[in-house]
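Down below is the structure, laid out as structure tokens.
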Amino acid sequence: MSHDHAHVREFFTPRAAGWDRRFAGDGPAYEAAAGALGLRPGDTVLDAGCGTGRALPALRAVVGPSGTVLGADLTEAMLAEAARAGRREAGALLLA
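Position 89 of the sequence shown, counted from 1, bears residue number 169 in this note's numbering, the numbering being contiguous throughout.
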């Protein structure tokens, strides 16, 4: 496994703006995955490598308003798309 963060950023930065359109139909998969994690209201959850934060709303729905949702990514452009899509309301966005 490569730990070359620059390579990761080079790959994802130019793709960030179109990422959500490319994977528009995967919302139900995020909901199913979040539900299968065994999280409870009030829990804390980290989505490491969250990209545009598509899983954050599903995670927020499971842990509720008393829980903590964190989305971390290496690519600033992906986090900017998450914020633009309003996903900052579902969880804190962190540049790793």
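Built from N, CA and C at the ideal position, the CB exists for glycine as well.
- In the DSSP assignment, residue 148 is bridged to 124.
- The three-state secondary structure of residue 153, taken from DSSP, is strand.
- Looking at the backbone, the Cα of residue 87 and that of residue 94 are separated by about 12 Å.
- Residue 85 and residue 91 have their C-alpha atoms roughly 10 Å apart.
- Taking C-beta separations shorter than 8 Å and ignoring five residues to either side along the sequence, the partners of residue 143 in its chain run 119, 120, 121, 122, 123, 124, 125 and 149, following chain order.
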